[in-house]
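Below: the structure, in structure tokens.
2 protein chains.
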Amino acid sequence: MKITIRDVARLSDVSISTVSRVLNSPGSVKKDKREKVLQTIKELNYHPNALARGLINKRTHSIGVLITDVSNPFVSEVIRGMEEAAHKMGSNLIICNTDQNKEKMIEYLRVLKEKQVDGFVFTSEPVSEEYHEIFQELGLPVVLAATHSLEYDLPSVKVDDEQAVFDAVDFLIKKGHTQIGMISGPTWDPISGTPRLFAFKSAMREKFSRTDFETIVEYGSFTFDSGYTAMKKLHEKNQTITTVFCASDEMALGAMSYLYEKRISVPDDVSVMGFDNTKIAKMCIPKLTTVAQPMYEIGYESVTALEQTLEDGQASQLRKYLTHEIIERESVKDIN
Amino acid sequence: MKITIRDVARLSDVSISTVSRVLNSPGSVKKDKREKVLQTIKELNYHPNALARGLINKRTHSIGVLITDVSNPFVSEVIRGMEEAAHKMGSNLIICNTDQNKEKMIEYLRVLKEKQVDGFVFTSEPVSEEYHEIFQELGLPVVLAATHSLEYDLPSVKVDDEQAVFDAVDFLIKKGHTQIGMISGPTWDPISGTPRLFAFKSAMREKFSRTDFETIVEYGSFTFDSGYTAMKKLHEKNQTITTVFCASDEMALGAMSYLYEKRISVPDDVSVMGFDNTKIAKMCIPKLTTVAQPMYEIGYESVTALEQTLEDGQASQLRKYLTHEIIERESVKDIN
DNA sequence: GTGAAAGCGCTAACAA
DNA sequence: TTGTTAGCGCTTTCAC
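Sequence order for the protein chains is F and E. If you want this note's numbering, it's the 1-based position in the first sequence plus 1. If you want this note's numbering, it's the 1-based position in the second sequence plus 1.
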């Protein structure tokens with residue numbers, strides 16, 4: 002009881018090719034016939050079957066999105082941008098939560114391949130050699146969002162993390178801070194972990210000739226709880242720190258939470274700086290000073306780059322770095 | 002240069018029907034042939050084309066998801082649950098941000114219909130008569146998540162908002178509060194607006210014979226900023242209130258933010274209670290006491306209900322109400 | 001148990 | 001301009 006192109010053709014007294022034409026190149030159909038067809042399409046409430054179309058056109062206007070977890074505030078903001086870009090180009094997003102789990106990812110990629118997605122975007126996770134091989138084997142266009150690969154030539158869209166950290170440290174120094182601690186991401190994370198830590202260490206070395214990193218750095222996993230714990234450890238081993246730079250907003254909130262419990266005032270006693278500028282950054286007390294990543298744009302640009310690859314065979318720019326921004330709010334004190 | 006079922010058939014010395022059989026009912030193929038086929042499938046890295054399959058099977062294992070905005074913390078948590086359920090049943094989610102915009106929604110529904118999704122889930126928005134007609138015309142199975150319809154028999158999954166508010170007020174009363182204010186959602190919202198407000202008013206009437214609602218209620222739109230503004234208005238017109246019940250966590254944070262600016266201590270001077278229990282509720286200072294909605298479960302159960310509808314023709318339960326829970330944290334003071 | 005052939009709904013030559 | 005026809009890659013009778 003489904004309405005197909007034949008039904009439309011029959012009721013319009015034309016052949017199915019004519020119907021197909023008014024759908025795909027209306028200009029090539031005489032006006033009266035075209036209008037007749039359009040008319041019955043409306044009357045019948047006809048919807049062309051995208052599966053049949055995709056089977057022929059080799060294009061489904063569906064894009065796979067591999068992310069670690071939709072419910073992560075950073076990720077969901079990125080997806081928002083992706084969705085907007087996709088919608089603008091007439092495509093849809095198929096969301097896949099990988100939870101950083103290899104098997105899950107492989108399984109999802111299989112399904113995406115079978116569903117004939119035009120390409121996919123891979124988010125937030127580093128691209129290991131194994132992953133790269135899997136991508137190769139799949140043979141689908143891919144763009145990396147909020148991650149990149151120096152080893153492989155995969156198009157990517159992200160922020161320049163090292164520069165961002167340099168700028169953050171500069172900012173803290175301008176505010177008069179000299180005793181700067183850091184809550185870093187995990188060292189096994191070559192995207193948001195090591196680069197930010199590396200830049201921080203470089204800055205410490207350069208600005209203060211400081212190399213006793215064990216006393217000023219602690220590690221978390223970007224989560225609230227890990228930030229809380231890291232702050233605890235940091236505080237227990239070092240009371241001289243006047244400001245803590247955190248590799249994520251969530252960790253910054255965790256740190257603030259610990260300090261609050263210890264009745265250490267933020268920013269009067271200790272300043273806290275975050276990274277990301279997720280929505281929570283301006284909802285907390287005190288409002289968080291942070292390094293803003295253009296999450297929406299990262300998402301938007303990544304699917305734009307993907308669509309470009311589909312059109313032109315390649316993205317206009319292999320590794321695209323979007324600009325970050327220091328957002329000054331209330332959690333960092335000017336102690337000059 | 003794509004590998005199809007014919008390639009597999011040829012290299013396995015069998016007919017394409019046999020290949021199809023090992024894919025769909027392996028039991029009906031003799032062992033040696035089956036293994037041969039499986040073997041070459043692996044060698045060729047063959048992926049069956051889901052479009053072709055869907056064209057025949059009338060089932061795509063794709064589900065449309067209409068939400069207002071992925072980047073909303075409540076929504077993204079719900080999606081997480083949906084995705085998990087979908088994945089478990091071998092389906093995928095196509096995400097559509099409607100921004101509460103009718104045209105956008107209609108456009109999305111058209112595309113979903115064309116892509117032959119098995120059904121869709123509609124989230125967070127009330128179902129107007131017009132929307133219902135659109136749904137009818139589409140002829141796709143639908144489940145409502147975090148919303149419902151009393152006028153139409155559409156399967157839905159949500160919390161019992163009125164009961165939740167009764168329980169919240171009870172909780173506040175048990176904590177010794179008698180001067181209770183509310184920051185409500187908009188009155189045009191028949192899902193999260195009026196029912197919560199209605200229940201609040203009933204409770205006030207019943208417990209305190211109070212009917213001067215203009216002096217104890219203000220309105221927002223569930224957002225942080227609107228919560229801030231509403232709190233300001235509420236405070237300016239009424240200083241006797243000892244606790245403010247907010248229709249969303251975000252508004253509660255906005256309220257706390259205002260109070261913080263005014264150096265009114267939460268919870269020592271004024272208590273604040275939220276609604277939702279989004280992630281931010283436990284990251285803020287003080288941690289938010291709130292009414293928890295099982296967001297993940299709402300998502301999970303809604304796509305489960307949808308899949309059930311696809312299997313059995315209808316959901317096991319038309320309107321499903323999941324249980325809420327009062328989460329006591331730090332923002333409500335016991336003043337007994 | 002296996003293969004040949006029809007057809008899912010559509011597009012794109014090719015003719016007319 | 002329009003219609004006829006051959007597929008797109010697969011599943012599923014229906015014979016064998």
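Every residue, glycine too, gets a C-beta built ideally from N, C-alpha and C.
7 angstroms Cβ cutoff, residue i in contact with chain E
{"i": "phenylalanine 225/F", "result": "yes"}
{"i": "isoleucine 217/F", "result": "no"}
{"i": "serine 26/F", "result": "no"}
{"i": "arginine 22/F", "result": "no"}
Under 8 angstroms by beta carbon: chain F residues contacting residue i
{"i": "leucine 307/E", "result": "Residues of chain F passing the Cβ test: none, with the nearest at roughly 16 angstroms."}
{"i": "leucine 1/E", "result": "Coverage of chain E is limited to positions 2 through 337, which leaves residue 1/E absent and any answer about it impossible."}
{"i": "glutamate 78/E", "result": "Ser72"}
Cβ neighbours of residue i in the same chain (closer than 6 angstroms, five flanking residues each side left out)
{"i": "serine 92/E", "result": "His62, Ile64"}
{"i": "leucine 235/E", "result": "Gly182, Glu219"}
{"i": "alanine 200/E", "result": "Glu163, Val166, Phe167"}
{"i": "methionine 257/F", "result": "Val267, Val273"}
{"i": "cysteine 97/F", "result": "Leu67, Tyr109"}
{"i": "asparagine 278/E", "result": "Thr291, Ala293, Ile328"}
{"i": "asparagine 337/F", "result": "Gly177"}
{"i": "lysine 114/F", "result": "Leu139"}
Residue-chain proximity (residue i, chain F), Cβ-Cβ < 7 angstroms
{"i": "serine 72/E", "result": "yes"}
{"i": "glutamate 115/E", "result": "yes"}
{"i": "arginine 1/E", "result": "Residue 1/E lies beyond the range of chain E shown here (2 to 337); nothing can be said about it."}
Neighbourhood of residue i by C-beta distance below 7 angstroms, restricted to the same chain and skipping five residues each side
{"i": "lysine 233/E", "result": "Tyr259"}
{"i": "proline 196/F", "result": "Asp162, Glu163"}
{"i": "phenylalanine 172/E", "result": "Ile327"}
{"i": "histidine 149/F", "result": "Ser157, Lys159, Arg320"}
{"i": "arginine 35/E", "result": "Val23, Pro27"}
{"i": "glycine 228/E", "result": "Ile184, Gly221, Cys247, Glu251, Met252, Ala253, Leu254, Gly255, Ala256"}
{"i": "tyrosine 297/F", "result": "Glu78, Arg81, Gly82"}
{"i": "glutamate 126/E", "result": "Thr69, Gln101, Thr148"}
Interface partners of residue i on chain E, CB under 8 angstroms
{"i": "methionine 284/F", "result": "Phe225, Glu251, Leu254, Gly255, Ser258, Ile281, Cys285"}
Neighbourhood of residue i by C-beta distance below 8 angstroms, restricted to the same chain and skipping five residues each side
{"i": "aspartate 335/F", "result": "Lys176, Gly177"}
{"i": "lysine 283/E", "result": "Leu289, Arg330"}
{"i": "aspartate 226/F", "result": "Gly255"}
{"i": "valine 118/E", "result": "Thr61, Ser63, Ile64, Gly65, Ile95, Leu141"}
{"i": "phenylalanine 214/F", "result": "Lys202, Met205"}
{"i": "tyrosine 153/E", "result": "Val128, His133"}
{"i": "glutamine 309/E", "result": "Gln315, Ala316, Ser317"}
Per-residue contacts from residue i into chain F (C-beta, under 7 angstroms)
{"i": "glutamate 84/E", "result": "Val71, Ile96, Asn98"}
Proximal residues of chain E, C-beta to C-beta of residue i below 9 angstroms
{"i": "arginine 111/F", "result": "His48"}
Contact test: residue i Cβ vs the ligand COA heavy atom, cutoff 6 angstroms
{"i": "lysine 37/F", "result": "Absent from the structure shown: the ligand COA. Ligands present: none."}
- Message: Tell me which residues of the stretch 231–265 of chain F have at least one Cβ-Cβ distance to chain E shorter than 8 angstroms, keeping chain order.
- Response: Glu251, Leu254, Gly255, Met257, Ser258, Tyr261
- Could you pull out every unbroken beta strand (DSSP E) segment of at least 3 residues lying fully inside the stretch 155–230 of chain F, listed in chain order? 157–160, 181–185, 218–220
- Any chance you could list the beta strand (DSSP E) runs of at least 3 consecutive residues sitting entirely within the stretch 268–325 of chain F, in chain order? 272–277, 290–293, 320–323
- Item | Interface positions of the stretch 38–60 of chain E facing chain F (Cβ-Cβ less than 9 angstroms), listed along the chain | For the stretch 38–60 of chain E, the set of positions with a beta-carbon nearer than 9 angstroms to some beta-carbon of chain F reads Asn46, His48, Pro49, Asn50, Ala51, Leu52, Ala53, Arg54, Gly55, Leu56, Lys59 in chain order.
- Task: With 7 angstroms as the C-beta to C-beta threshold (strictly closer), list the residues of the stretch 122–144 of chain E near chain F in chain order.
- Result: Glu138
- Whole beta strand (DSSP E) runs in the stretch 38–89 of chain E with 3 or more residues, listed along the chain? 63–68
- Message: As an exercise, report each continuous alpha helix (DSSP H) stretch of at least 4 residues that is fully enclosed by the stretch 90–162 of chain E, in chain order.
- Response: 103–115, 130–139
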